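Residue numbering for the sequence shown follows the working numbering, starting at 1418 and increasing by one per position. Think of the CB as a built atom: it goes at the ideal place given N, C-alpha and C, for glycine as much as any other residue. Bear in mind the structure is a predicted one, so any value in this text is a computation, not a measurement.
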Amino acid sequence: MAKMYISPDEIRTLYEQFDAPIANLDCGQKCAPYNEGGKPFCCDICVAVPTLYEEEWQYVRANTDLWFEWKAENCTDTPEEAAEEVARLKGETPDTMIMAECLGPSLCQRPYRGLTCRQFPFFPYIDSQGELLGLSYYWEYEDRCWVISNMQIVSAEYRRQFLQAFEVIFERVPGEFENYQYHSEVMRDTFNQSRRAIPLLHRNGFAYKISTHNERMRRVLVESLPKFGPYKLAASMPFPDGS
Ligand code: SF4
Ligand code: SF4
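As C-alpha cells, then:
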C-alpha cells in the first residue's frame, strides 16, 4: 500500500471543511446547455478527468460506490486512441494521484466529491517568490466554464475554505506546493506569450490583474475581469440573463 500522508479521518475533515458551493446558484445550469452531452463541463469525464489523491481514493472506495477507475474507452473511438489518451493524461498527472470516474452528475453524492471537484475551476496561484496569493483558474476551460467568466459570483466563504484546504494539503502532501508553483509559472509564461494579465482572486478578498512581465498586481473590480466564448456573447446582449 502507498505511504499515507493524510489519514482517512483527515480526508473526511478536509471534505467537511471544504464543502461550500462556489456561489449561491447552481453554475452547472449555466454551462451545461453549452455542452453537447448536456452535462456541466466539469462533470463530463470526456472534458475533465477528475483525479483523486491516493488517500482520497482509499477513503471514497471504503465509503461510497460513487467512484471507479477512469476508462478512456468511454471517451474514445478505438482502443488505440484510448491507450494514447491514457498515456497523455498519465504524463500530466502526478504519481500521487488516481484518474477516476464517477457515476455522473445525476447520481453525484456531494459529501464524497473529490477535492478536484471542489476546487474546479480554480487552482492555488503561487508567485515566483513562493507566496500563495489566492485563486486563479485552469485557463484551458475559459471558453467552457461559466464561473471563469463570472468570477464576481464566487463567495467569500468558498474562497476562505479553498485556501484553508490547500494550506493543509501543502503541509501534508509532499510536492504539491511545488506542483502548483510550477503550474503558476506555466500560466505566467502562457499568458505572457499572448500578452495577457493573469486574473486573481486574492486571499485579501479583492480581485487583481497580475502583469506577467514583472508580476506587479493591479487591483480591479471583479466584474471587470474578462469573459470568454458564449458567455462573452451573452453578456453583450441587450438583456443578459445575469450571466
Ligand atoms: S464550475 Fe464551471 S464547468 Fe463546473 S459546473 Fe460550474 S460553470 Fe460549469
Ligand atoms: S463527483 Fe459529482 S461533482 Fe465530481 S465530477 Fe462527479 S458528478 Fe461532478
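* Going by DSSP, which residues form a beta bridge with GLU1486? -> If you number the sequence shown from 1, residue 1486 lands on position 69. Its beta-bridge partners are ALA1517.
* Asked: In whole angstroms, what is the alpha-carbon distance linking LYS1507 and ARG1613?
  -> Position 90 of the sequence shown, counted from the first residue, corresponds to residue 1507. Position 196 of the sequence shown, counted from the first residue, corresponds to residue 1613. Between LYS1507 and ARG1613, the C-alpha separation is close to 29 Å.
* For PHE1539, I'd like the list of residues in its chain whose CB is within less than 6 Å of its CB, leaving aside the five on either flank, ordered along the chain. => For the purposes of this step, residue 1539 is identified with residue 122 of the sequence shown, where counting begins at 1. LEU1552, TYR1554.
* Asked: Does ligand 2 have a heavy atom nearer than 7 Å to the CB of GLU1541?
  -> As a first step, residue 1541 must be located in the sequence shown, where it is residue number 124. Before going on, a small fix: residue 1541 reads as Pro here, not Glu. For ligand 2, not one heavy atom lies less than 7 Å from the Cβ of PRO1541.
* Leaving out five residues before and five after ILE1428 in sequence, what residues of the same chain have Cβ atoms less than 6 Å from its Cβ? -> Position 11 of the sequence shown, counted from the first residue, corresponds to residue 1428. Correct list, in chain order: GLU1472, GLU1473, TYR1476.
* Measure the alpha-carbon distance for TYR1422 versus THR1430 and round it to whole angstroms. => Locating residue 1422 in the sequence shown gives position 5, counting from the first residue. Locating residue 1430 in the sequence shown gives position 13, counting from the first residue. So the two alpha carbons sit approximately 14 Å from each other.
* Asked: Three or more C-beta pairs closer than 8 Å, one from the region 1585 to 1601 and one from the region 1532 to 1546: is that the case here?
  -> yes
* Boundaries of the beta strand (DSSP E) in which ALA1624 is found, first to last residue -> As a position in the sequence shown, residue 1624 is number 207, starting the count at 1. Taken as a continuous stretch (DSSP letters only), the beta strand (DSSP E) holding ALA1624 covers 1624 to 1627.
* Under the three-state reduction of DSSP, which class applies to SER1641: helix, strand or coil? -> For the purposes of this step, residue 1641 is identified with residue 224 of the sequence shown, where counting begins at 1. Correct three-state label for SER1641: helix.
* Asked: For TYR1451, which option in CYS1519, ARG1605, ASP1560, ASN1480 has the closest C-alpha, if you only look at C-alpha atoms?
  -> Translated into the one-based positions of the sequence shown, residue 1451 becomes position 34. The candidate whose alpha carbon is nearest that of TYR1451 is ASP1560.
* **Boundaries (first-last residue) of the beta strand (DSSP E) holding THR1607** => What you label residue 1607 is simply residue 190 of the sequence shown in a count that begins at 1. Not the beta strand (DSSP E): THR1607 falls in the alpha helix (DSSP H), residues 1593 to 1610.
* **Cα-Cα separation between MET1634 and SER1628, rounded to whole angstroms** => As a working note, residue 1634 is residue 217 in the sequence shown. As a working note, residue 1628 is residue 211 in the sequence shown. Each residue's Cα considered, the two are about 6 Å apart.
* Asked: Is ILE1615 helix, strand or coil when you go by DSSP?
  -> For the purposes of this step, residue 1615 is identified with residue 198 of the sequence shown, where counting begins at 1. Strand at ILE1615.
* Asked: What are the complete alpha helix (DSSP H) segments, minimum 4 residues, inside the region 1439 to 1478?
  -> 1445 to 1448
* Considering GLY1551, what are the terminal residues of the alpha helix (DSSP H) in which it resides? -> Taking the sequence shown and counting its residues from 1, the one referred to as residue 1551 is at position 134. No alpha helix (DSSP H) holds GLY1551; the beta strand (DSSP E) holding it covers 1549 to 1554.
* Asked: According to DSSP, is MET1568 helix, strand or coil?
  -> Against the sequence shown, residue 1568 aligns to sequence position 151. Reduced to three states, the DSSP call for MET1568 is helix.
* Asked: Alpha carbon to alpha carbon, how far is GLN1536 from HIS1630?
  -> Along the sequence shown, one-based indexing puts residue 1536 at 119. Along the sequence shown, one-based indexing puts residue 1630 at 213. Near 27 Å, if we compare the C-alpha coordinates of HIS1630 and GLN1536.
* To do: Report the three-state DSSP secondary structure of ARG1589 (helix, strand or coil).
  => By one-based count along the sequence shown, residue 1589 stands at place 172. Reduced to three states, the DSSP call for ARG1589 is helix.
* Asked: Does the Cβ of SER1653 have 16 or more other Cβ atoms within 10 Å, making it buried, or fewer, making it exposed?
  -> Locating residue 1653 in the sequence shown gives position 236, where the first residue counts as 1. Exposed, by the Cβ-count rule.
* To do: Less than 8 Å between the CB atoms is what I'm expecting for ILE1439 and VAL1564, so what's the real figure, rounded?
  => Residue numbering aside, residue 1439 sits at position 22 when the sequence shown is read from its first letter. Residue numbering aside, residue 1564 sits at position 147 when the sequence shown is read from its first letter. The Cβ separation is near 6 Å, so the contact holds.
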